[in-house]
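Chemist: Quick one: the structure is below, questions incoming.
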Amino acid sequence: MTPVRNILFIMADQLRWDHLGCYGHPHLETPNIDRLAARGVRFDRAYVQSPVCGPSRASFYTGRTVFSHGATWNRVPLPVGEWTLGDYLRPLGFRVAVAGKTHMMPDVEGMARLGLDRDAGPGRLVAEAGFEPWERDDGLHPGPLLRRRGGRLAYNDWLRARGYPGENPWEEWANSGEGPGGEIRSGWYLRNSALPARVREAHSETAYTTMRARQFIEAAGAERWLCHLSYIKPHWPYVAPAPYHAMYGPDSFLPVHRHEAERRDPNPVYRAFMEMEVSRTFSAQGVRETVLPAYMGLIRQIDDHLGRLFAWLEETGRDRDTMIVFTSDHGDYLGDHWLGEKELFHECSVRIPLIILDPRPEADATRGTACDAPVEAIDLLPTFIEAAGGVPPAHRLEGRSLVPLLHGARPPRLARRGVLGDRLRLLCRARDAGRGPVRGARLHAAHRGLEIRPFPPFPAAAARPAQRSRRVLRPRPRSGPRGGAPRDAGPPDRTADRAPQPGHHDRCRGHRPARGRGGRGHHHRPVGGRPAALSPRRGRGVDFRRASPSIGAERDGARP
C-alpha cells in the first residue's frame, strides 16, 4: 500500500460535535466540512481523553492517556521524555509544524537536567511538543499575561502593520466590540458577545491562522509534511467579526439540555461546578441568546476559510496525496446541565467531531460513510504513523490505528465495549441477594481490547458485618454474576437469558442498556427517524452507513 505523502491535521478549539451540518445541526451551515465528510469517513462516536485543552491535546499529540503522559491540566508541562507527533514522523521524512494553538508547556526542569536549550537545536522541538513552531499562537493574550511574556506576538505585529494600533491589538481589536459611543467593549464579558469584533473579517484570527497554514504548505514544497492547522476559535472570547456575528438567532439554536432534577441534591463535585461563575452565568435567562450567535458564527467562519483552503489544495493537486483530518479538542457546555465551560464528562464536553479523508484508492469503499465504532483521540497518532508508512509502536502508544476502518476492514479486537476517561475506576461490588458471598468486578485492560472480568471469590466476605454493604451501590437482583445460574452451580450457561430484571430500566433510565460481548455492542442509531437497517458488518462490530445530514438526533439525554 502506498503511504500518504502529506497530512493536514485540522483542530478547532472547544467545538461541540453537534454543531456541524454533517452531524445533524438543522440550521448551522458548514458545507465545506460536510463535503469533507462526503469524501471521507465520519466517526459518530469519537471521544477525548480529557475535556480540558492542555491534557486533551497532549493525548492527541502523544497517543497516550492523560494518566500516562502526565500533563494533567492546563499549564502542566508535558514531561521531556514523552514522544510526540514529530518524534514519530520526522524519521519517516516528514516536516511537522503547527499553525495555531497547541497549549503545551515545556518541561523546563527536565530540559535543564538534560542540558537542552529550549531556543535552539533539538531542545526547541522538545519545548514545542515536537512541532516546528511555524506560527505558534495559543490565542489567549490578555494584556497582563502578554506583558509577562515579553509583549511580543506575531499576530499583533501583523495587525499593527495593517493599521490596528495599541499595545495589544489581539485584545483591543480582534476580541473586542464597540459600544454606541465608540467605547471598547471587551469580549471577556459574555454580555458583549453579540457585538461584532472591531477587526475586519479578513484580519481576524481564523483568517490569519488559515493564511499561515497555507504559507507553510507552500514553503514545504516537495517535502513531506504534517501541518497542524489548529484554530483558536470557537473557544472564548466569543467574539465574531461581521457578518458572522449576526448570522444566527434563537430560532436556530439547539434546545438546551438541563432539568431541575439535576439541581436537587447533586453530587458535591457537580454542585461545585454548577456554582462556578461561568455556570451561573450560562444558566441565567438571556445569556445563551447572546453567546450562541457568536459561537455559531465563528464555526461558520472556520468552514468558509476551510473551503478556500480545500479549493486551493485541489487546484494545486495536493489533495490527491494529502490525508485530511478534522476534529476538536473537546466540546462546550453552553448552559447544558446548568454548566459553562467543559470540565466534566457529559457528551457535550467529551464527545467530538472526527472526519478523516484518506486519499488512497483503498479507502474508496468507505467514502461518504459514517462509522459507529467508538474511537478516541489517542487513535489519531497511530493512524498517522501507519498512513505515513511506519509501524505504530504498541509498547508506547495506547491508541489504535483507524486505517483499517478507513479501508473497510476490522482488525482483531478493535471493537471496544466503551471509551474510558483517565482515573475512571470501575468498582462494582455485588451481593448475591443474601444467598452467596460478596464479590466484585475489575476492569481488565487487555493489550488490544477491554473486558470485564470477575474478581476471585472472597472466602471471608460472608462473615463481614452487613453494615459494610451500605457503602456500595446496590445491584439489580440476580441469581448469578450475569443473571444465569447461582455461583455454586458452576460456570453460568452462556446461552441463558440475560435480560434485565424488573425495575432495572427505571433505575438506569438515561443509560445505555447492557450489551453483549465482543463487537456486537455498537449502537446503530435510527436514520431519518426510522431504525437503521441491519448492516452486514454489524456482527463484526462496525456500522458503516451512508452519511446523511439528517443524522444527529442523538443528543445528551435524548438517545434514540
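Per my numbering, the sequence shown starts with residue 102, numbered consecutively.
Ideal placement from N, C-alpha and C gives every residue a C-beta, glycine not left out.
Helix, strand or coil for residue 145, going by three-state DSSP, please let me know.
Modeler: Walking along the sequence shown from the start, residue 145 turns up at place 44. Looking at residue 145 - three-state DSSP - the assignment turns out to be strand.
Chemist: Does the pairing of the region 179-195 with the region 157-164 give three or more beta-carbon distances under 8 Å?
Modeler: Result yes; three or more Cβ-Cβ pairs closer than 8 Å.
Chemist: Please report how far the alpha carbon of residue 234 lies from the alpha carbon of residue 197, in whole angstroms.
Modeler: If you number the sequence shown from 1, residue 234 lands on position 133. If you number the sequence shown from 1, residue 197 lands on position 96. If I take the Cα positions, the gap works out to 9 Å.
Chemist: Compare the Cα-Cα distances from residue 348 to each of 394, 169, 201 and 439 and report the closest residue.
Modeler: For the purposes of this step, residue 348 is taken as the residue at position 247 of the sequence shown. That would be 394, whose Cα lies nearest to the Cα of residue 348.
Chemist: List in chain order: all unbroken beta strand (DSSP E) runs of 3+ residues lying wholly within the region 277-359.
Modeler: DSSP runs (the beta strand (DSSP E)) wholly in the region 277-359: 277-279, 285-287 and 325-331.
Chemist: Please confirm whether residue 109 and residue 201 have their CB atoms less than 9 Å apart.
Modeler: Counting from 1 along the sequence shown, the entry for residue 109 is found at position 8. Counting from 1 along the sequence shown, the entry for residue 201 is found at position 100. Their beta carbons are not under 9 Å apart, which means residue 109 does not touch residue 201 by this criterion.
Chemist: Put residue 107 into one of helix, strand or coil per three-state DSSP.
Modeler: As a first step, residue 107 must be located in the sequence shown, where it is residue number 6. In the structure shown, residue 107 sits in a strand (DSSP, three-state: E or B).
Chemist: Can you give the beta carbon distance from residue 507 to residue 459, rounded, assuming they're within the 8 Å contact cut?
Modeler: Translated into the one-based positions of the sequence shown, residue 507 becomes position 406. Translated into the one-based positions of the sequence shown, residue 459 becomes position 358. That pair is a contact at about 5 Å.
Chemist: Could you check which residue in 361, 368 and 401 has the C-alpha nearest to that of residue 384?
Modeler: Numbered from its first residue, the sequence shown carries residue 384 at position 283. Checked all of 361, 368 and 401; the closest Cα to residue 384 is 361.
Chemist: Classify residue 290: buried if its beta carbon has 16 or more other beta carbons within 10 angstroms, exposed otherwise.
Modeler: Residue 290 sits at position 189 when you count from the first residue of the sequence shown. Residue 290 comes out exposed.
Chemist: Can you find at least 3 beta carbon pairs, one from the region 206-226 and one from the region 238-248, that sit closer than 8 Å?
Modeler: Verdict: no, contact absent.
Chemist: Please confirm whether residue 298 and residue 346 have their CB atoms less than 9 Å apart.
Modeler: Translated into the one-based positions of the sequence shown, residue 298 becomes position 197. Translated into the one-based positions of the sequence shown, residue 346 becomes position 245. Yes, the pair counts as a contact, with Cβ atoms nearer than the cut-off.
Chemist: Would you mind reading off the limits of the beta strand (DSSP E) that contains residue 248?
Modeler: Indexing the sequence shown from 1 puts residue 248 at position 147. Counting along the chain, residue 248 falls outside any beta strand (DSSP E), though it belongs to the alpha helix (DSSP H) covering 244-249.
Chemist: So, under 8 Å CB-CB, residue 452 and residue 141 are touching, yes? Tell me the CB distance rounded to an integer number of Å.
Modeler: Locating residue 452 in the sequence shown gives position 351, counting from the first residue. Locating residue 141 in the sequence shown gives position 40, counting from the first residue. Between residue 141 and residue 452 the Cβ distance is about 19 Å, and since that is not below 8 Å, they are no contact.
Chemist: Label residue 368 either buried or exposed according to how many other C-beta atoms from any shown protein chain fall within 10 Å of its C-beta, with 16 as the threshold for buried.
Modeler: As a working mapping, residue 368 is identified with position 267 in the sequence shown. So residue 368 ends up on the exposed side.
Chemist: Rounded to whole angstroms, what is the Cα-Cα separation between residue 570 and residue 445?
Modeler: Working through the sequence shown from its first residue, we reach residue 570 at position 469. Working through the sequence shown from its first residue, we reach residue 445 at position 344. At residue 570, the pLDDT of 37 sits below 50, so the modelled position is not reliable and the matter cannot be decided from this model.
Chemist: Can you tell me whether residue 252 is buried or exposed? The criterion is at least 16 other CB atoms within 10 Å of its CB, across all chains shown.
Modeler: Here residue 252 is taken as the residue at index 151 of the sequence shown, counted from 1. The residue is exposed, with fewer than 16 neighbouring Cβ atoms inside 10 Å.
Chemist: Alpha carbon to alpha carbon, what distance is there between residue 279 and residue 342?
Modeler: Here the question's residue 342 lines up with position 241 in the sequence shown. Here the question's residue 279 lines up with position 178 in the sequence shown. If you take the alpha carbons of residue 342 and residue 279, they lie about 12 Å apart.
Chemist: Between which two residues does the beta strand (DSSP E) harbouring residue 423 extend?
Modeler: Here the question's residue 423 lines up with position 322 in the sequence shown. From DSSP, the beta strand (DSSP E) with residue 423 extends over 423-429.
Chemist: Which residues does DSSP list as the beta-bridge partners of residue 112?
Modeler: The count along the sequence shown starts at 1 and reaches residue 112 at position 11. BP columns for residue 112 point to 331 and 428.
Chemist: Select from 333, 440 and 308 the residue whose C-alpha is nearest the C-alpha of residue 372.
Modeler: Walking along the sequence shown from the start, residue 372 turns up at place 271. Among 333, 440 and 308, the Cα nearest to that of residue 372 is on 440.
Chemist: Out of curiosity, what's the CA-to-CA distance linking residue 392 and residue 425?
Modeler: As a first step, residue 392 is located in the sequence shown; it is residue number 291 there, counting from the start. As a first step, residue 425 is located in the sequence shown; it is residue number 324 there, counting from the start. Their Cα atoms are separated by approximately 30 Å.
Chemist: So who's on the other strand from residue 198, going by DSSP bridges?
Modeler: Here residue 198 is taken as the residue at index 97 of the sequence shown, counted from 1. Paired residues: 233 and 328.
Chemist: Taking buried to mean at least 16 other C-beta atoms within 10 Å of its own C-beta, is residue 386 buried or exposed?
Modeler: Within the sequence shown, the letter at position 285 stands for residue 386. It counts as exposed.
Chemist: So residue 357 and residue 381 are supposed to be a Cβ contact under 8 Å. How far apart are they, rounded?
Modeler: Counted from its first residue, the sequence shown places residue 357 at position 256. Counted from its first residue, the sequence shown places residue 381 at position 280. Their Cβ separation, rounded to whole angstroms, is 15 Å, which puts residue 357 and residue 381 out of contact at 8 Å.
Chemist: With a 10 Å radius around its C-beta and 16 neighbouring C-beta atoms as the bar for buried, classify residue 485 as buried or exposed.
Modeler: Locating residue 485 in the sequence shown gives position 384, counting from the first residue. So residue 485 counts as buried.
Chemist: So is residue 178 buried or exposed if we call it buried at 16+ other beta carbons inside 10 Å?
Modeler: The residue you call residue 178 lines up with position 77 of the sequence shown. Flag for residue 178 reads buried.
Chemist: Measuring CB to CB, does residue 311 end up less than 9 Å from residue 410?
Modeler: Locating residue 311 in the sequence shown gives position 210, counting from the first residue. Locating residue 410 in the sequence shown gives position 309, counting from the first residue. Going by C-beta atoms, residue 311 is nearer than 9 Å to residue 410.
Chemist: Is DSSP giving residue 444 helix, strand or coil here?
Modeler: Walking along the sequence shown from the start, residue 444 turns up at place 343. Reduced to three states, the DSSP call for residue 444 is coil.
Chemist: Our contact map puts residue 145 next to residue 473 with C-beta atoms below 8 Å; I'd like the distance itself, whole angstroms only.
Modeler: What you label residue 145 is simply residue 44 of the sequence shown in a count that begins at 1. What you label residue 473 is simply residue 372 of the sequence shown in a count that begins at 1. With 8 Å as the limit, residue 145 and residue 473 qualify as a contact, their Cβ atoms being about 6 Å apart.
Chemist: Secondary structure at residue 504, three-state DSSP: helix, strand or coil?
Modeler: Your numbering for residue 504 matches position 403 in the sequence shown. If DSSP states are grouped into helix, strand and coil, residue 504 belongs with the helices.
Chemist: Excluding five sequence neighbours on each side, which residues of the same chain lie with their C-beta closer than 7 Å to the C-beta of residue 261?
Modeler: As a working note, residue 261 is residue 160 in the sequence shown. Excluding sequence neighbours, residue 261 sits near 270.
Chemist: When you compare only the Cα positions, how much space is there between residue 488 and residue 495?
Modeler: Mapped onto the sequence shown, residue 488 falls at position 387. Mapped onto the sequence shown, residue 495 falls at position 394. C-alpha separation (whole angstroms): 16 Å.
Chemist: Could you give the first and the last residue of the continuous beta strand (DSSP E) run that contains residue 455?
Modeler: Here the question's residue 455 lines up with position 354 in the sequence shown. 452-458 is the extent of the beta strand (DSSP E) around residue 455.
Chemist: Which of the three DSSP states is assigned to residue 470 in this structure?
Modeler: Indexing the sequence shown from 1 puts residue 470 at position 369. Strand, per DSSP.
Chemist: For residue 476, name the three-state secondary structure that DSSP assigns.
Modeler: Walking along the sequence shown from the start, residue 476 turns up at place 375. Residue 476: strand per DSSP, three-state reduction.
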